[in-house]
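Below you'll find the structure, written out as structure tokens, and then a few comments.
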Amino acid sequence: MKLLRLLVWLLLLCQPIAGVVGAEPSATITYIGSSGYLVKTTGHKLLLDGAFDNDVARFEVTTASEPIKQQLIHAQPPFDKLDMILVSHAHKGHFEATSIAQVIINNPQALVVTTEAVYSQLAELGELQSSSLNQIHYPRSEMGQRTHISHQGLIVAMTKTAHWGGLEQLNVEVTADDVNLAYALEAASFTPENVIDIQFVTALAPQSNARFRILTHQSGNEKKAELKKQVDLMPSTYFFTASGESIAIETTGNTINIK
Ligand SMILES: [Zn+2]
């Protein structure tokens, strides 16, 4: 009884503290390459399109360095204990079956959200046992229809859109601790449900209402260098150009900035 009362007190004491900490969105973002990122919030780790095919180097897309790739595949820090793995679609710059299979096997606690095409390719590969395949969720909904799934305290809102090559693409909004994040490569057909703290965008215009933007999905060395110069002059916007680069972002007033 005494122990129970102590536990109740502890819970009551902890709640307001958690509330204060939770008021300030903060996250650390590590760039893998291509459109791939690791996002670490106070209590969660999300992998976004992180295990892609370095063959995209021929389009002058930034590729993953060998050490980063090995850390990711073998679930070594900071790529350990992932809570969620997003594979937005089955194109090479976002998905490489053998690599992602290893990442899934080494992160048995992670929820994988993706499209049916990615799921089928992983199933056909034959490297994943049924327990690993059961980690994978793909919405069976119609194009444009919003669905939700929650996992380990994460809330994931998903919408499928049509993508070139007859593929489907998954656009997501994730609430992780105090951070609302949007990874919607088809932003025009994805309406966020909440104010977005961090949004991955494929173009600098039109401006989004997100508090912090990360430019992604770029190719061409000259174009990337030019974009980097532009973005460096913009507040609350960032463009990663090197595999392994990492930034911590924190709230200052109404905007969030690089710490
Ligand atoms: Zn694509």
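Numbered by mature numbering (1 follows the signal peptide of the UniProt record, and there is no 0), the letters in the sequence shown go through residues -23 to -1, 1 to 236 in order.
Every residue gets a Cβ at the ideal spot worked out from N, C-alpha and C, and that includes glycine.
Proximity test, residue i beta-carbon vs ligand 1 heavy atom, cut-off 8 Å
i: G142; result: yes
i: Q195; result: no
i: Q98; result: no
i: G70; result: yes
i: Q176; result: no
i: H66; result: yes
i: Q53; result: no
i: Q146; result: yes
Which of helix, strand or coil DSSP assigns to residue i
i: S107; result: helix
i: S65; result: coil
i: N157; result: strand
i: A182; result: coil
i: V151; result: strand
i: F216; result: strand
i: Q129; result: coil
i: R35; result: helix
i: Y14; result: strand
i: S97; result: helix
i: residue 238; result: As displayed, the chain neither begins before -23 nor continues past 236, which places residue 238 out of reach and without an answer.
i: V208; result: helix
i: T229; result: strand
i: V(-3); result: Interpretation of V(-3) is limited by its pLDDT of 43, a score under 50 that renders its predicted location unreliable; the figure taken from the coordinates is listed afterwards. V(-3) falls in the helix class under three-state DSSP.
i: S42; result: coil
i: L102; result: helix
i: E145; result: strand
i: Q86; result: coil
i: A134; result: strand
i: I50; result: helix
i: I81; result: helix
i: S166; result: helix
i: K22; result: strand
i: N198; result: helix
i: A74; result: helix
C-alpha gap between residue i and residue j, whole angstroms
i: M211; j: A28; result: 29 Å
i: V16; j: K46; result: 16 Å
i: H140; j: L192; result: 19 Å
i: K206; j: P54; result: 31 Å
i: E43; j: L49; result: 10 Å
i: I224; j: T179; result: 19 Å
i: H21; j: D57; result: 11 Å
i: H114; j: A219; result: 31 Å
i: G230; j: E93; result: 41 Å
i: I(-7); j: T228; result: Note that I(-7) scores 41 on pLDDT, short of 50, meaning its location in the model is unreliable and no value can be drawn from it.
i: D174; j: M120; result: 25 Å
i: N234; j: S3; result: 9 Å
i: T138; j: A187; result: 21 Å
i: S185; j: N171; result: 13 Å
i: K236; j: K201; result: 23 Å
i: T91; j: F72; result: 10 Å
i: F217; j: Q176; result: 14 Å
i: T19; j: Q129; result: 13 Å
i: F189; j: A153; result: 15 Å
i: T5; j: V156; result: 11 Å
Contact with chain C by residue i, beta-carbon distance below 9 Å
i: L162; result: The structure shown contains no chain C; it is built from a single protein chain.
Heavy atom of ligand 3 within 8 Å of residue i beta-carbon
i: T5; result: Annotation note on ligand 3: not contained in the displayed structure, which lists ligand 1 as its ligands.
* To do: Would you check if the stretch 148 to 155 and the stretch 93 to 104 touch, i.e. whether three or more CB-CB distances between them fall below 8 Å?
  => no
* Three or more beta-carbon pairs under 8 Å between the stretch 4 to 24 and the stretch 155 to 166, yes or no? -> yes
* Stretch-stretch touch, CB-based, cutoff 8 Å, three pairs: the stretch 83 to 93 with the stretch 59 to 73 -> yes
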